[in-house]
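Asker: Numbering-wise, the working numbering puts 1161 at position 133 of the sequence shown, and it's gapless, one number per residue.
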Amino acid sequence: MKFDYKIADMNELKLIWEKNIADNPGDPRWPIWRDIYIGYNEKQMATTFIVAADGIPVGEGTLIQSPECGAAIGRPEIADGHSVANVNALRIDKQYEGQHHISRLVRMIEAHARSLGYERITIGVEAKETRNLAIYLHWGYTRLVRWDIEDDELVLYYEKPL
């Protein structure tokens, strides 16, 4: 199987979102999020990256660049449009977990942020997701910059320098 890591084109973006919606049947938020995130990509407020297995998107992550993106509104320490950006919505199909695909994708996202002139990058994690938190700390996201309650969950935001 051949894996590629790249910025999603519009067709790939639509495919990954249709997959996300199918994986979350009956949840009315997913079609809304699809439209929002596709719009962010079209307006260059965010950039979505994918992991593709033999050309089929199986994982994703989005670099939030604009403070006007929903995830960053009113929270400039997460993404401010000039010095700090945010890694958002990291997902991969269950069968590909633990194979370093997301870490490769995050390195690509970080390199892209650096190429755009960002000095710092943030990532959020639900406090109960201790495995993901340990991974993010290992990747260098060690400075806690904010915490929020989102959908009744404690979310911690960590930063690393680029």
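No residue lacks a Cβ here, since even glycine has one placed at the ideal position from N, Cα and C.
If you reduce the DSSP assignment to three classes, tell me which class S1144 lands in.
Answerer: As a first step, residue 1144 must be located in the sequence shown, where it is residue number 116. Correcting the residue type first, residue 1144 is Leu in the shown sequence and not Ser. Of the three classes helix, strand and coil, the one that applies to L1144 here is coil, per DSSP.
Asker: Check whether the Cβ atoms of A1155 and W1175 sit closer than 9 Å, and answer yes or no.
Answerer: If you number the sequence shown from 1, residue 1155 lands on position 127. If you number the sequence shown from 1, residue 1175 lands on position 147. Yes, the Cβ-Cβ distance between A1155 and W1175 is below 9 Å.
Asker: Please report how far the alpha carbon of P1189 lies from the alpha carbon of K1030, in whole angstroms.
Answerer: Residue 1189 sits at position 161 when you count from the first residue of the sequence shown. Residue 1030 sits at position 2 when you count from the first residue of the sequence shown. When rounded, the distance between both Cα atoms is 31 Å.
Asker: Locate the beta strand (DSSP E) running through L1043, then write down its first and last residues.
Answerer: In the sequence shown, counting from the first residue as 1, residue 1043 sits at position 15. Unbroken run through L1043 is the alpha helix (DSSP H), M1038 to D1051; no beta strand (DSSP E).
Asker: Tell me, please, whether the stretch 1046-1059 touches the stretch 1098-1113 by the rule of three or more beta-carbon pairs shorter than 8 Å.
Answerer: Flag = no, the stretch 1046-1059 and the stretch 1098-1113 do not touch.
Asker: At which residue ranges does the stretch 1094-1166 contain complete beta strand (DSSP E) runs of 3 or more residues, listed in the order of the chain?
Answerer: List check, beta strand (DSSP E) in window: 1112-1120 and 1148-1154.
Asker: What number of angstroms, rounded off, separates the C-alpha of E1138 from the C-alpha of L1184?
Answerer: Position 110 of the sequence shown, counted from the start, is the residue given in the question as residue 1138. Position 156 of the sequence shown, counted from the start, is the residue given in the question as residue 1184. Computed Cα separation, rounded: 19 Å.
Asker: Straight-line CA distance for I1035 to S1143?
Answerer: In the sequence shown, residue 1035 corresponds to position 7, counting from 1. In the sequence shown, residue 1143 corresponds to position 115, counting from 1. Approximately 14 Å, taken between the alpha carbons.
Asker: Strictly by DSSP, which residues pair up with D1055?
Answerer: The residue given as residue 1055 occupies position 27 in the sequence shown. Paired residue(s): none; D1055 is not in a bridge.
Asker: Compute the Euclidean distance between the alpha carbons of L1041 and A1113, then round it to the nearest angstrom.
Answerer: Here residue 1041 corresponds to residue number 13 of the sequence shown, with the count starting at 1. Here residue 1113 corresponds to residue number 85 of the sequence shown, with the count starting at 1. Going from the Cα of L1041 to the Cα of A1113 covers about 20 Å.
Asker: Whose C-alpha, out of W1058, L1133 and E1046, is nearest the C-alpha of D1032?
Answerer: For the purposes of this step, residue 1032 is taken as the residue at position 4 of the sequence shown. The shortest Cα separation from D1032 among W1058, L1133 and E1046 belongs to L1133.
Asker: Going by the CB atoms, is the gap between L1043 and G1089 shorter than 9 Å?
Answerer: Numbered from 1 along the sequence shown, position 61 holds the residue referred to as residue 1089. Numbered from 1 along the sequence shown, position 15 holds the residue referred to as residue 1043. Taking 9 Å as the Cβ cut-off, G1089 and L1043 do not qualify as a contacting pair.
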